[in-house]
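What follows is a set of notes on a single structure, which appears directly below.
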Amino acid sequence: MNPAARIFEVSWEVCNKVGGIHTVLTSKLPEVLREFDGQYTAIGPYLPPFSSVEFEELAVPEKLKPVASELQTKGVQLHYGKWLIGPEPEAVLLGWDGLVPALNQYKKTYWERYQLDTLGSDYYDFD
Numbered sequence: 011m012n013p014a015a016r017i018f019e020v021s022w023e024v025c026n027k028v029g030g031i032h033t034v035l036t037s038k039l040p041e042v043l044r045e046f047d048g049q050y051t052a053i054g055p056y057l058p059p060f061s062s063v064e065f066e067e068l069a070v071p072e073k074l075k076p077v078a079s080e081l082q083t084k085g086v087q088l089h090y091g092k093w094l095i096g097p098e099p100e101a102v103l104l105g106w107d108g109l110v111p112a113l114n115q116y117k118k119t120y121w122e123r124y125q126l127d128t129l130g131s132d133y134y135d136f137d
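Each residue of the sequence shown is one higher than the last, beginning at 11 in our numbering.
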């Protein structure tokens with residue numbers, strides 16, 4: 011395996027136990043960490059106070075500071091830490107409160123470019 015290889019897993023249920031996907035993620039984690047020699051980062055939503063149950067926030071490492079800074083200019087907060095399950099893998103949680111004022115513009119763009127109907131959802135999946 012390429013020593014620079016890294017796996018990123020993105021899910022609504024990273025540090026957010028709400029359903030069966032959380033079980034899938036956590037049960038396969040030991041094998042994924044072995045296969046990728048610990049080069050694993052879980053990415054999920056920052057949802058206080060729920061995130062605090064399985065997430066310990068740490069200082070953003072130097073390698074992620076440029077990313078965190080760029081995201082901040084767009085209204086997204088990057089929270090770095092570890093997922094408090096089993097082997098405690100690295101986790102990045104994203105808070106998007108700063109995007110809310112532009113929500114309708116994003117929906118308009120999705121419709122104009124891709125004909126993606128963001129208004130027909132009963133569960134605010136697109137918000």
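Ideal placement from N, C-alpha and C gives every residue a C-beta, glycine not left out.
- Around the CB of W121, fewer than 16 other CB atoms lie within 10 Å, so the residue is classed as exposed.
- In the displayed model, V28 falls within coil according to three-state DSSP, outside both helix and strand.
- For L103 against S62, the beta-carbon gap comes to about 10 Å, at or over 8 Å, which does not count as contact.
- DSSP links T51 through a beta bridge to F18, E100.
- Burial is judged here by how many other beta carbons sit within 10 angstroms of a residue's own beta carbon; P111 has fewer than 16 and is exposed.
- For G105, the secondary structure class from DSSP, reduced to helix, strand or coil, is strand.
- Judged by DSSP in its simplified three-state form, Y90 adopts strand.
- The alpha-carbon of L35 is positioned some 17 Å away from that of D47.
- Restricting attention to P55, E72, L88, the CA atom closest to the CA of V20 is found in P55.
- A Cβ-Cβ distance of about 11 Å is found for the pair E67 and L94, leaving them out of contact under the 8 Å criterion.
- The criterion of a C-beta distance shorter than 7 Å is not satisfied by I17 and E23.
- Per DSSP, reduced to three states, the secondary structure at E23 is coil, with no helix or strand assignment.
- Bridge pairing for F65: W93 [DSSP].
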